[in-house]
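With our numbering applied, the sequence shown covers 104 to 600.
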Amino acid sequence: DEPRARRPRRLSAIAVAIVLVGLAGYLRLTPANYVVGGQDQGVYANVANHLAATGRVTVSDPLPDVLRPNDALEDYYQRNTYSGLGERDAIPWAREFLPGLYFHPTKPDAFVPQFYHLHPLWMAVSVSLFGQQAGGWAVWLAGMLVVGLCFFLARDLTGSVMAGSIAAALAAASPALSYLAKFPVSESLTAFFFLLGCWGFLRSEGHRGSWLLLSSLAFWCFFLTHISGFVLLAFLLLTIGGSVVFDADARTARRLVLYGVFVVLGYLWSFLHGLAFSYPYSRHIYYANLGWASEPARLAAGVVCAAVTGLVLSFALRRWSEPLLARFRTERAAAVAATAAVILLATGTVYRGWQLGFSERFVGDPWIDAKWHVADRGIESLYRFSPWVLATLLTWPGMVAAIVGLWVTVRRGYGSLAARIVAICSIGYYAVFAFQKFVVPYFYFYVRYLAAELLPLFVVLAAVGVWHLVTRMPRRARRTAVGVFVAIVGGGGLIGS
104 DEPRARRPRR
114 LSAIAVAIVL
124 VGLAGYLRLT
134 PANYVVGGQD
144 QGVYANVANH
154 LAATGRVTVS
164 DPLPDVLRPN
174 DALEDYYQRN
184 TYSGLGERDA
194 IPWAREFLPG
204 LYFHPTKPDA
214 FVPQFYHLHP
224 LWMAVSVSLF
234 GQQAGGWAVW
244 LAGMLVVGLC
254 FFLARDLTGS
264 VMAGSIAAAL
274 AAASPALSYL
284 AKFPVSESLT
294 AFFFLLGCWG
304 FLRSEGHRGS
314 WLLLSSLAFW
324 CFFLTHISGF
334 VLLAFLLLTI
344 GGSVVFDADA
354 RTARRLVLYG
364 VFVVLGYLWS
374 FLHGLAFSYP
384 YSRHIYYANL
394 GWASEPARLA
404 AGVVCAAVTG
414 LVLSFALRRW
424 SEPLLARFRT
434 ERAAAVAATA
444 AVILLATGTV
454 YRGWQLGFSE
464 RFVGDPWIDA
474 KWHVADRGIE
484 SLYRFSPWVL
494 ATLLTWPGMV
504 AAIVGLWVTV
514 RRGYGSLAAR
524 IVAICSIGYY
534 AVFAFQKFVV
544 PYFYFYVRYL
554 AAELLPLFVV
564 LAAVGVWHLV
574 TRMPRRARRT
584 AVGVFVAIVG
594 GGGLIGS
């Protein structure tokens, strides 16, 4: 028989799980059913319905066959081309006929939906099984799975069910994650695949290679869901290379290199998929973010060369750097590295916030100033500054806890393969949103970019930070402290956001 002492704990854990699932499910009801609208949610919903009805990605137009020769039709298309951004019409491969529906680059009788198609395919399965209005429930399910993965990530980072429960509670009550779980955009599904990939990598330490296989497949799905995969790929290669150089044994190093090759192949597959089925949009995104390197051949060659060079260099450095690195594998070195990372990020954040709100650095910027009027407006600018928005979503006590959790995770990641992926992705994505994509024009449409990777990571980090602090308190006070924190952060997030 089960020892009697364990039964109350198990019953308590079951009760907590039921409450969290109920809270998360309730706050994510009822999924929206968008069938019109010029923004992304309408595009996703209509592509999902189109996939469910026809099984095809492209949209066919019978008019070219009826109106040959096509002079009149081409004139009509030219005069009625939609463009959400004025410069798109000057780019041959970025012409939109309707919002989210691009001209096919080679076929005059076809149009190409804007986005990558795994997310609308996920919705289309629900539409096919349960009817047109059921597409949003697929997004709801992804949002619920995100809550569960926050629990598993925090639990396995700390070895504490308490930390996992804190993360699940914060994710369940998060207004941004709740809103996006009933809003048919791709960020909930993206967050699910991202967290699943991180969790699989984390679980691979000391376990079978099947966890790395799960991680790589999850990241493949991430790449096919969200075009920003080239950012994540850089963080993954840095994690793999650092692990091979720093502390992996020979067997683990070989396994990590194979994992890296598989992940790169997944990204290249998504890249080719984008060129085949989302050509205008993918070209435009790469052009806007990478400039000269956005040409398909250059980008593919650059990714392959960078990956091969990085993996080979990791093995080369591993051979001669062992005596040097041994000196730095100490608790003190780990604490110094973690402290330096937090101080650098904090200093850079303050400076970027000052540039945005209290200087003329971005006055005249076509996006920040001309379109959204955010530059040089003092505290009003800070309200739209991504780190400030992140703190608003977490609440400021939650943000402080996340900073503590970041310090703990970076310190552990200094010598732990499991924590390293969370540490590097947290620092990397925070840097992206603090120093590059640092303006959130309005809630919640633009908050979704934070919610795909950074917000779930910081929810987990906040749980890690609280766990780190309460374990230094008397045992009797721990549950009370955790309850107060969850009430403040969860309730404050709902009220303040």
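Backbone N, C-alpha and C fix where the C-beta goes; we use that ideal spot for every residue, glycine too.
Only a predicted model underlies this, so the values are computations on that prediction, with no experimental measurement involved.
query: By the 10 Å Cβ neighbour count, where 16 or more other Cβ atoms means buried, how is Met226 classified, buried or exposed?
result: buried
query: For Phe543, which three-state DSSP category applies?
result: The question names Phe, but residue 543 in the sequence shown is Val. Coil at Val543, not helix or strand.
Cβ contact check for the region 213-229 and the region 263-274: 3 or more pairs under 8 angstroms: no
message: Within a Cβ cutoff of 6 angstroms, which residues of the same chain sit near Ala555, ignoring the five residues on either side of it in sequence?
response: Correct list, in chain order: Glu290, Thr293 and Ala294.
- request: Measure the alpha-carbon distance for Phe541 versus Pro165 and round it to whole angstroms.
  value: Approximately 44 angstroms, taken between the alpha carbons.
- request: Rounded to whole angstroms, what's the CA-CA distance from Phe325 to Ala441? Just pull it up for me.
  value: Rounded to the nearest whole angstrom, the C-alpha separation of Phe325 and Ala441 is 28 angstroms.
query: Are Ile525 and His571 closer than 7 angstroms when you measure CB to CB?
result: Per the sequence shown, residue 525 should be read as Val rather than Ile. Cβ atoms of Val525 and His571: not closer than 7 angstroms.
task: Have a look at Thr261 and Val567 and give me their C-alpha separation to the nearest angstrom.
output: 7 angstroms
- prompt: Along the chain, where does the beta strand (DSSP E) that runs through Glu290 open and close?
  reply: If you look at Glu290, you'll find it isn't in any beta strand (DSSP E); it sits in the alpha helix (DSSP H) that goes Glu290 to Arg306.
query: Is there at least one non-hydrogen atom of the ligand HEM closer than 6 angstroms to the beta-carbon of Ile524?
result: Although the ligand HEM was asked about, the structure shown includes no ligands whatsoever.
message: Distance check for Val119 and Ala580, CA to CA, integer angstroms please.
response: 18 angstroms
- prompt: Does the distance from the CB of Val367 to the CB of Ala337 come in under 7 angstroms?
  reply: no
message: I'd like the span of the beta strand (DSSP E) that includes Val573, first residue to last.
response: Per DSSP, Val573 belongs to no beta strand (DSSP E); it is in the alpha helix (DSSP H), Leu557 to Val573.
- prompt: So, Gly300 versus Ala284, is the Cβ gap smaller than 7 angstroms?
  reply: no
task: Rank Leu340, Leu560 and Leu248 by C-alpha distance to the C-alpha of Val415 and give the top, closest one.
output: Leu340
message: Any contact between the region 226-238 and the region 149-156? By contact I mean 3 or more CB pairs, one from each, below 8 angstroms.
response: yes
message: Between Val569, Thr583, Phe296 and Leu560, which has its C-alpha nearest Thr328's C-alpha?
response: Phe296
query: What is the DSSP secondary structure of Val453, reduced to helix, strand or coil?
result: helix
query: Starting from Glu199 and walking both ways along the beta strand (DSSP E), at which residues does that stretch end?
result: Start and end: Glu199 to Leu201.
- request: Could you tell me which residues DSSP puts in a beta bridge with Pro216?
  value: Leu204
query: Helix, strand or coil: which one does DSSP assign to Val621?
result: Outside the displayed range of the chain (104 to 600) lies residue 621, so it cannot be described from this structure.
query: Taking C-alpha atoms, which residue in Leu497, Arg515 and Cys528 lies nearest to Pro278?
result: Leu497
message: Taking only three categories from DSSP, how would you classify Phe488?
response: strand
- request: Per DSSP, which residues does Val162 bridge with? Please list them.
  value: Phe214
task: Report, in whole angstroms, the separation of the C-beta atoms of Ala537 and Gly460, which I expect to be a contact under 8 angstroms.
output: The Cβ separation is near 14 angstroms, so there is no contact.
query: Which ranges does the alpha helix (DSSP H) cover as unbroken runs of at least 4 residues, wholly within the region 242-291, from first to last along the chain?
result: 264-276 and 278-283
message: Just to confirm before moving on: does the CB-CB distance between Leu509 and Leu553 stay below 7 angstroms?
response: no
task: Look at Trp323 and Leu252 and say whether their C-beta atoms are less than 7 angstroms apart.
output: no
- prompt: Does the Cβ-Cβ distance between Arg515 and Ala504 come in under 7 angstroms?
  reply: no
- request: Mark Phe239 as exposed unless 16 or more other C-beta atoms lie within 10 angstroms of its C-beta, in which case mark it buried.
  value: Contrary to the premise, residue 239 reads as Gly rather than Phe in this sequence. Around the CB of Gly239, 16 or more other CB atoms lie within 10 Å, so the residue is classed as buried.
- request: Would you mind working out which of Ile446, Val543 and Ile530 sits nearest Lys474, comparing C-alpha positions?
  value: Ranked by Cα distance from Lys474, the first of Ile446, Val543 and Ile530 is Val543.
message: Taking CB distances under 7 angstroms as the criterion, tell me whether Val169 reaches chain D.
response: Absence of chain D from the displayed structure is noted, only one protein chain being present.
task: Within 10 angstroms of the Cβ of Thr613, are there 16 or more other Cβ atoms? Answer buried if so, exposed if not.
output: As shown, the chain starts at 104 and ends at 600. That puts residue 613 outside it, with no answer to give.
message: Starting from Val143, trace the alpha helix (DSSP H) in both directions and tell me its first and last residue.
response: A small correction: the amino acid at residue 143 is Asp; Val does not occupy that position in the sequence shown. Its alpha helix (DSSP H) spans residues Asp143 to Thr157.
- prompt: Hey, how far is the Cα of Trp470 from the Cα of Tyr454?
  reply: 20 angstroms
query: Since Ile530 and Ala444 are thought to touch, with beta carbons under 8 angstroms apart, how far apart are those beta carbons, to the nearest angstrom?
result: Going by Cβ atoms, the distance from Ile530 to Ala444 rounds to 6 angstroms, so yes, they are a contact pair.
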